[in-house]
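Numbering-wise (UniProt numbering), the sequence shown opens with residue 1 and increments by one.
All residues carry an ideal CB built from backbone N, CA and C; glycine is no exception.
All figures in this text were calculated on a predicted structure; none of them were measured in a lab.
Single-structure report; data block below.
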Amino acid sequence: MNESLRQVVHLVFGLGIAGFVHFFDRDITLTVLILTLFVGFIFSDAVARGYTIPVVSWVIAGLERRDAVPGKGALFFALGALFCLFFFGREIAFAGLVVLSLLDSVTTLVGVRFGRTRIYNHKSLEGTLAGVAVTTAALCLLVPPAAALATAAVTGLAELVSPVDDNLVVPVVACLTLTVLL
C-alpha cells in the first residue's frame with residue numbers, strides 16, 4: 001500500500017463527494033450516497049470473502065491498509081457525508097466534507113514525510129499544523145476567516161485525538177462547529 005497515493009485518492013474522492021453535495025439537489029445526493037453505501041458494503045463483503053471484483057479488488061488491494069476491512073475508509077467517508085447531509089444544511093455539509101478531504105489528507109501526507117514531533121497516537125505536530133493551516137486557507141473561501149480558523153483548529157484536534165475513524169468524526173465535528181459559529 002502506498003500511503004501517499006492513498007491520501008491523494010482520499011483528497012480527490014472527498015472533494016468529488018463535496019462537489020456533488022454542493023452542485024446537486026439534496027435528495028438526489030442523499031439517494032446516491034445511500035446507493036453507494038449499499039453497493040460499497042456488498043463489494044466490501046465480497047472482497048473480504050475472497051471474491052475478485054474487476055477494478056474494485058485491484059483498487060482495494062493497492063490502497064487499503066493492511067488488515068483493514070476492505071474499503072472501510074471509503075465506506076466511512078460516504079457514511080460521514082450521508083450523516084452530515086441528513087442532519088445539517090447542504091452548504092454546511094459541503095464545508096464539512098471539504099474539511100475532511102483536506103485535513104485528513106494533508107495531516108497524513110505532511111506527517112509521514114516531515115513529521116518529527118510525535119504528539120499523540122503516532123501523529124505528528126508538523127502534520128497536524130499543516131492540515132489545520134491548509135484547511136483554514138481553503139475554508140476562508142467559504143466562511144469568515146475567524147470561523148475558518150476555529151473550525152480547522154477544532155477539527156484538527158478531533159482528528160488527532162479521536163478513537164473513532166476520522167472519516168466519521170471530522171465531518172461531523174466540522175459541521176457542528178460551523179453551525180455554532182455561523
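1. Please list the segments of the alpha helix (DSSP H) lying wholly inside the segment 67 to 95, counting only runs of 4 or more residues, in order along the chain.
2. Apart from the five residues on each side of it in sequence, which residues of its chain come closer than 6 Å, Cβ to Cβ, to L15?
3. Let me make sure I understand the geometry here. Which of L182, T177 and D166 has the alpha-carbon closest to that of A78?
4. Under the assumption that E159 contacts V170 (Cβ atoms under 8 Å), give the Cβ distance between them as a whole number of angstroms.
5. Taking the runs of the beta strand (DSSP E) that are 3 residues or longer, which of them lie wholly in the segment 93 to 131?
6. Along the chain, where does the alpha helix (DSSP H) that runs through T52 open and close?
7. Look at the alpha carbon of T29 and the alpha carbon of S105, and state the distance between them as a whole number of angstroms.
8. Beta-carbon separation of A81 and C175 under 8 Å?
9. Would you mind sorting V47 into buried or exposed? The rule is 16 or more other CB atoms within 10 Å of its CB.
10. Whether or not the segment 44 to 62 and the segment 113 to 132 are in contact is what I'm after, with contact meaning three or more pairs of Cβ atoms, one per stretch, closer than 8 Å; do they touch?
11. Using 8 Å as the threshold, is the C-beta distance between L139 and V99 below it?
12. Out of A152, P145 and L141, state which residue places its alpha-carbon closest to the alpha-carbon of A133.
13. I need the DSSP call for N2, collapsed to helix, strand or coil.
14. On the CB-based measure, 16 or more other CB atoms within 10 Å of its CB, does F87 come out buried or exposed?
According to the data block:
1. 72 to 87
2. Taking the first residue of the sequence shown as 1, we reach residue 15 at position 15. For L15, where only same-chain residues beyond five positions count, the Cβ hits under 6 Å are S101.
3. Start at 1 with the first residue of the sequence shown, and residue 78 comes out as number 78. Ranking L182, T177 and D166 by Cα distance to A78 puts D166 first.
4. Here residue 159 corresponds to residue number 159 of the sequence shown, with the count starting at 1. Here residue 170 corresponds to residue number 170 of the sequence shown, with the count starting at 1. That pair is a contact at about 5 Å.
5. 118 to 120
6. Numbered from its first residue, the sequence shown carries residue 52 at position 52. Looking at the DSSP string, T52 is not in any alpha helix (DSSP H), and its letter there is neither H nor E.
7. Taking the first residue of the sequence shown as position 1, residue 29 is located at position 29. Taking the first residue of the sequence shown as position 1, residue 105 is located at position 105. One C-alpha to the other measures close to 23 Å.
8. Within the sequence shown, residue 81 is the residue found at index 81, counting from 1. Within the sequence shown, residue 175 is the residue found at index 175, counting from 1. No, Cβ-Cβ distance for A81 and C175 is not below 8 Å.
9. What you label residue 47 is simply residue 47 of the sequence shown in a count that begins at 1. By the 10 Å Cβ count, V47 comes out buried.
10. no
11. Start at 1 with the first residue of the sequence shown, and residue 139 comes out as number 139. Start at 1 with the first residue of the sequence shown, and residue 99 comes out as number 99. Yes.
12. Taking the sequence shown and counting its residues from 1, one reaches residue 133 at position 133. Taking only the C-alpha atoms, the option nearest A133 is A152.
13. Along the sequence shown, one-based indexing puts residue 2 at 2. Three-state DSSP puts N2 in coil, outside helix and strand.
14. Your numbering for residue 87 matches position 87 in the sequence shown. Exposed, because fewer than 16 other Cβ atoms sit within 10 Å of the Cβ of F87.
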